[in-house]
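This report refers to the structure that appears directly beneath it.
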Amino acid sequence: MSAEKPDEKVPAAPELSPLLEKVVSRLGDRVLEHHTARGDDRIHVARERILEAARILRDDPELSFDLLLDVTAIDYFGQPDNFEAKLQVWDRNRAVMRRLPQRRHELVLPPRGPEPRFAVVYHLTSTRLAHRLRIKCRVPEDDPKIPSVTAVWPAANWLERETWDLYGIVFDGHPDLRRIYLYEEFVGHPLRKDYAKHGEQPIQEYVGPGAKEPRRPH
Amino acid sequence: MLDPERKNPAVPIEGNQAAALEELHTPPMRLQFGPSHPATHGTVKITLDLEGEQVVWSDVEVGYLHRGFEKECETGYYYQNIPYTDRLNYSSPILNNTGYCMAVEKLFGIAPPERCNYIRTIGCELSRMADHMLCIGASAMELAAFTPMLYLIEGRELILDMVDSLCGARVTTNFVRIGGISANMPENFPEFARPRLDRALKLFEDADKLLTENPVFRQRMEGTGYLSRDDLIAWGVTGPMLRAGGEPYDVRKVHPYLVYGELDFDVPVGEHSDNFDRYLVRLEEFRQSRRIILQCLERMPDGPVDADDPRVRWPGKGRVFNRMEELIDQFKLVTEGGMPPAGEVYHAVEAANGELGFYIVSDGTGKPWKCRCRAPSFSNMSPLSKMITGGQLADVVPTFGMINMIGGECDR
Numbered sequence: 001m002s003a004e005k006p007d008e009k010v011p012a013a014p015e016l017s018p019l020l021e022k023v024v025s026r027l028g029d030r031v032l033e034h035h036t037a038r039g040d041d042r043i044h045v046a047r048e049r050i051l052e053a054a055r056i057l058r059d060d061p062e063l064s065f066d067l068l069l070d071v072t073a074i075d076y077f078g079q080p081d082n083f084e085a086k087l088q089v090w091d092r093n094r095a096v097m098r099r100l101p102q103r104r105h106e107l108v109l110p111p112r113g114p115e116p117r118f119a120v121v122y123h124l125t126s127t128r129l130a131h132r133l134r135i136k137c138r139v140p141e142d143d144p145k146i147p148s149v150t151a152v153w154p155a156a157n158w159l160e161r162e163t164w165d166l167y168g169i170v171f172d173g174h175p176d177l178r179r180i181y182l183y184e185e186f187v188g189h190p191l192r193k194d195y196a197k198h199g200e201q202p203i204q205e206y207v208g209p210g211a212k213e214p215r216r217p218h
Numbered sequence: 219m220l221d222p223e224r225k226n227p228a229v230p231i232e233g234n235q236a237a238a239l240e241e242l243h244t245p246p247m248r249l250q251f252g253p254s255h256p257a258t259h260g261t262v263k264i265t266l267d268l269e270g271e272q273v274v275w276s277d278v279e280v281g282y283l284h285r286g287f288e289k290e291c292e293t294g295y296y297y298q299n300i301p302y303t304d305r306l307n308y309s310s311p312i313l314n315n316t317g318y319c320m321a322v323e324k325l326f327g328i329a330p331p332e333r334c335n336y337i338r339t340i341g342c343e344l345s346r347m348a349d350h351m352l353c354i355g356a357s358a359m360e361l362a363a364f365t366p367m368l369y370l371i372e373g374r375e376l377i378l379d380m381v382d383s384l385c386g387a388r389v390t391t392n393f394v395r396i397g398g399i400s401a402n403m404p405e406n407f408p409e410f411a412r413p414r415l416d417r418a419l420k421l422f423e424d425a426d427k428l429l430t431e432n433p434v435f436r437q438r439m440e441g442t443g444y445l446s447r448d449d450l451i452a453w454g455v456t457g458p459m460l461r462a463g464g465e466p467y468d469v470r471k472v473h474p475y476l477v478y479g480e481l482d483f484d485v486p487v488g489e490h491s492d493n494f495d496r497y498l499v500r501l502e503e504f505r506q507s508r509r510i511i512l513q514c515l516e517r518m519p520d521g522p523v524d525a526d527d528p529r530v531r532w533p534g535k536g537r538v539f540n541r542m543e544e545l546i547d548q549f550k551l552v553t554e555g556g557m558p559p560a561g562e563v564y565h566a567v568e569a570a571n572g573e574l575g576f577y578i579v580s581d582g583t584g585k586p587w588k589c590r591c592r593a594p595s596f597s598n599m600s601p602l603s604k605m606i607t608g609g610q611l612a613d614v615v616p617t618f619g620m621i622n623m624i625g626g627e628c629d630r
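If you read the protein sequences in the order shown, they are chains A and B.
Numbering (the numbering used here) for the first sequence: 1 to 218.
Numbering (the numbering used here) for the second sequence: 219 to 630.
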């Protein structure tokens with residue numbers, strides 16, 4: 001029942017999968033790391049260069065990643081990729097809330113690790129060549145920004161809005177970066193690990209147009 | 219039967235018409251369509267600006283059914299999250315169960331036995347049939363054709379009877395387990411299923427006859443909601459919508475999982491990329507699903523249905539009550555959950571509306587660090603604004619109906 005050591009943290013094996021060979025030869029030094037684990041190919045790209053990497057991945061005829069399936073983020077919460085430390089965040093947060101419910105937004109945070117806190121993850125596929133690729137970009141907590149890929153794949157529009165809504169990562173150059181699930185007055189980003197699962201907040205007062213008008217009675 | 223000349227009437231306002239509107243100084247009318255509108259089968263708010271009957275600007279707002287699926291998954295053990303996936307696309311729950319469990323199995327590195335894969339395939343295709351029936355019936359009802367809905371709901375009841383016989387529940391199935399399924403298929407299932415499949419097909423054909431040649435239905439569906447094949451791909455649309463645009467992308471064919479690689483079935487492809495083709499693609503997929511089920515029933519192998527892996531499958535009750543090791547095993551599995559190695563996987567299945575992917579990040583504990591669901595409805599909804607802007611107000615309803623947005627999945 002013991003957790004095995006992660007097999008992905010070891011430096012990439014010398015033999016690359018055929019797809020990663022092509023990707024690395026096209027992207028060159030834009031690829032920081034590459035892994036193949038459990039049949040999934042994955043590359044790491046610096047966040048400043050994601051846009052140029054995205055253009056090459058879409059336009060190169062041998063890659064032709066035309067279908068952006070998913071954009072999301074991972075909150076590593078100060079942990080490096082290999083998850084060596086076991087966090088008891090939920091237990092701790094719940095204990096705080098039970099003791100001091102009025103201070104439920106001030107939760108105990110574990111010490112920060114050396115790696116950037118967030119990773120933005122893109123899943124791509126090609127309708128013609130039928131291969132899949134995952135791209136990861138690390139994004140630090142104090143400057144949670146990354147260029148938007150909406151210009152390359154319009155599908156990123158809503159997916160990036162969702163990531164902004166739930167993780168608070170700003171996509172530079174996004175045409176319409178609003179919250180998508182929650183309402184504009186909501187405080188915080190609920191999929192961050194320091195947002196308690198039971199962190200309910202009272203419905204914030206609506207401040208948009210027509211806010212002062214009397215509500216119609218039910 | 220199809221008219222190759224039909225064109226998309228959704229053209230932007232320009233030229234003389236724009237100049238005339240400029241002169242008249244008529245401000246567009248703002249219409250709030252939803253969040254709970256009788257002509258939409260889903261909770262979504264569409265804000266429309268209308269010039270007469272024409273939509274000149276639109277904004278789609280989702281999230282009315284957001285209930286924190288991903289946050290909830292991060293706090294449960296892997297096996298505890300399976301019932302949540304029922305509630306994603308509640309009209310085809312077994313597909314969601316399968317997608318989640320296969321992603322977790324990929325994380326563990328488990329291959330379930332052959333019989334399990336066949337039964338899962340049957341469950342998946344039954345779900346797909348039920349979903350398509352509901353989608354077509356509800357969309358027709360929104361276009362004021364009420365009778366086909368009654369036929370299709372009756373057919374869906376027969377499908378749900380079969381789901382019931384497989385797992386004891388009709389809608390919230392909770393059927394698939396990590397490394398197996400909740401119960402073996404009943405022995406008399408083939409005899410139980412065949413007449414019901416035939417009867418469901420008969421009802422489906424009746425609804426097909428009522429709709430496909432119906433001039434009112436065709437006028438509302440043909441040429442509306444057009445989006446070119448390149449746009450569909452660029453906007454991340456998958457499933458029947460993408461196939462109606464002429465792109466045969468189907469995860470069952472492109473990356474075969476379960477036993478789809480061994481079965482003989484076709485992927486229907488449309489050519490006009492409008493609502494009517496989406497409807498026709500769904501019609502044909504229903505028939506192909508029935509074909510898949512009949513093949514699975516014929517080829518059903520014998521053997522166990524659960525993977526023999528103590529990390530995920532609980533020992534039988536008889537052994538738990540009589541033997542020490544199995545008792546400890548069960549206790550650890552229930553209280554700590556099975557622990558996969560740390561790492562991350564993405565696994566996709568072809569759900570009724572498109573590619574349903576689960577991206578799971580494990581930190582080596584019994585709970586997922588992150589469990590992301592790539593919902594087809596969400597990506598399929600994102601170009602809705604583009605599809606309806608420039609068209610008529612009445613076209614919003616069939617376009618939205620053929621996207622088949624399921625709130626539970628889109629808003630998670």
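Each residue gets a CB set at the ideal place from its N, CA and C atoms; glycine is no exception.
Check for me: the alpha helix (DSSP H) holding residue i runs from which residue to which?
i, result
"Ile300 (chain B)", "300-304"
"Lys535 (chain B)", "535-540"
"Glu427 (chain B)", "Note on identity: in this sequence residue 427 (chain B) is Lys, with Glu being the wrong assignment. Its alpha helix (DSSP H) spans residues 407-430."
"Gln272 (chain B)", "Per DSSP, Gln272 (chain B) belongs to no alpha helix (DSSP H); it is in the beta strand (DSSP E), 272-279."
"Pro697 (chain B)", "No answer is possible for residue 697 (chain B): the residues shown for chain B start at 219 and end at 630."
"Tyr602 (chain B)", "One detail in the question is off: residue 602 (chain B) reads as Leu in this sequence, not Tyr. Per DSSP, Leu602 (chain B) belongs to the alpha helix (DSSP H) from 602-606."
"Thr339 (chain B)", "332-360"
State the CB to CB distance for the pair residue i and residue j, rounded to an integer number of angstroms; the pair is presumed to be in contact (CB under 8 Å).
i, j, result
"His473 (chain B)", "Ala321 (chain B)", "That pair is no contact at about 13 Å."
"Glu323 (chain B)", "Gly521 (chain B)", "Not quite, the Cβ-Cβ distance comes to about 17 Å (not below 8 Å), so this is no contact."
"Asn598 (chain B)", "Met439 (chain B)", "The Cβ separation is near 17 Å, so there is no contact."
"Phe287 (chain B)", "Tyr302 (chain B)", "6 Å"
"Asp185 (chain B)", "Thr456 (chain B)", "Coverage of chain B is limited to positions 219 through 630, which leaves residue 185 (chain B) absent and any answer about it impossible."
"Ala46 (chain A)", "Leu32 (chain A)", "6 Å"
"Leu133 (chain A)", "Phe65 (chain A)", "6 Å"
"Arg346 (chain B)", "Ser507 (chain B)", "5 Å"
"Tyr497 (chain B)", "Met620 (chain B)", "6 Å"
Over the uninterrupted beta strand (DSSP E) stretch that includes residue i, give me the two end residues.
i, result
"Thr265 (chain B)", "263-269"
"Tyr122 (chain A)", "118-125"
"Gln250 (chain B)", "247-251"
"Ser580 (chain B)", "572-580"
"Ile180 (chain A)", "Taken as a continuous stretch (DSSP letters only), Ile180 (chain A) belongs to no beta strand (DSSP E), as it is neither H nor E."
"Phe561 (chain B)", "Per the sequence shown, the amino acid found at residue 561 (chain B) is Gly instead of Phe. Its beta strand (DSSP E) spans residues 561-569."
"Leu129 (chain A)", "Run containing Leu129 (chain A): none; DSSP gives neither H nor E here."
"Lys158 (chain A)", "Note that residue 158 (chain A) is Trp in the sequence shown, not Lys. Trp158 (chain A) -> not in any beta strand (DSSP E); alpha helix (DSSP H) instead, spanning 156-167."
"Ala54 (chain A)", "Premise fails: Ala54 (chain A) lies in the alpha helix (DSSP H), 50-59, not in any beta strand (DSSP E)."
"Phe494 (chain B)", "Element bounds for Phe494 (chain B): not the beta strand (DSSP E) but the alpha helix (DSSP H), 493-517."
"Pro147 (chain A)", "145-147"
"Glu235 (chain A)", "Limits of chain A in this structure are 1 at one end and 218 at the other, which puts residue 235 (chain A) out of reach."
Do residue i and residue j have their CB atoms nearer than 9 Å?
i, j, result
"Leu283 (chain B)", "Gly572 (chain B)", "no"
"Arg26 (chain A)", "Leu68 (chain A)", "no"
"Arg604 (chain B)", "Asp449 (chain B)", "Before going further, note that residue 604 (chain B) is Lys rather than Arg in the sequence given. Their beta carbons are under 9 Å apart, which means Lys604 (chain B) touches Asp449 (chain B) by this criterion."
"Glu290 (chain B)", "Trp587 (chain B)", "no"
"Asp482 (chain B)", "Arg509 (chain B)", "yes"
"Phe422 (chain B)", "Leu515 (chain B)", "no"
"Ser276 (chain B)", "Thr258 (chain B)", "no"
"Arg178 (chain A)", "Asp75 (chain A)", "no"
"Ala73 (chain A)", "Val152 (chain A)", "no"
"Tyr295 (chain B)", "Gly561 (chain B)", "no"
"Thr617 (chain B)", "Val274 (chain B)", "no"
"Glu627 (chain B)", "Leu306 (chain B)", "yes"
"Asp389 (chain B)", "Met623 (chain B)", "The sequence shown places Val at residue 389 (chain B), rather than the Asp named in the question. Contact: no."
"Pro330 (chain B)", "Asp524 (chain B)", "yes"
"Phe364 (chain B)", "Val614 (chain B)", "no"
"Pro140 (chain A)", "Pro116 (chain A)", "yes"
Given a limit of 7 Å on CB to CB distance, which residues of the region 595-629 of chain B reach chain A? Listed in chain order, the positions of the region 595-629 of chain B with a beta carbon within less than 7 Å of a beta carbon of chain A are Phe596, Ser597, Ser600, Asp629.
Please name the residues in the region 39-69 of chain A whose beta-carbon is closer than 9 Å to at least one beta-carbon of chain B, in chain order. Gly39, Asp40, Arg42, Asp66, Leu67, Leu68, Leu69
Proximal residues, the region 419-436 of chain B versus chain A, C-beta separation under 7 Å: Result list empty, no residue passes.
Would the region 386-402 of chain B count as touching the region 306-320 of chain B if we require 3 or more Cβ pairs under 8 Å? yes
Could you list the residues in the region 181-198 of chain A with a C-beta less than 9 Å from some C-beta on chain B, going in chain order? Tyr181, Leu182, Tyr183, Pro190, Leu191, Lys193, Tyr195, Lys197
Using a Cβ cut-off of 7 Å, which residues of the region 446-463 of chain B contact any Cβ in chain A, in chain order? Taking 7 Å as the cut-off between beta carbons, the residues of the region 446-463 of chain B near chain A are Ile451, Ala452, Trp453, Gly454, in sequence order.
Specify whether the region 337-349 of chain B and the region 590-597 of chain B touch according to this definition: at least 3 beta carbon pairs, one from each stretch, less than 8 Å apart. Using a Cβ-Cβ distance cut-off of 8 Å, the region 337-349 of chain B and the region 590-597 of chain B are not in contact, since fewer than three pairs of beta carbons, one from each stretch, lie closer than that value.
Can at least three beta-carbon pairs, one atom from the region 34-42 of chain A and one from the region 159-169 of chain A, be found at a separation below 8 Å? no
Which residues, taken in chain order from the region 280-305 of chain B, show a beta carbon closer than 7 Å to some beta carbon of chain A? Val280, Gly281, His284, Gly286, Glu288, Lys289, Thr293
Return the residues of the region 562-575 of chain B that lie within a Cβ-Cβ distance of less than 7 Å from chain A, sorted by chain order. Val563, Tyr564, Glu573, Gly575
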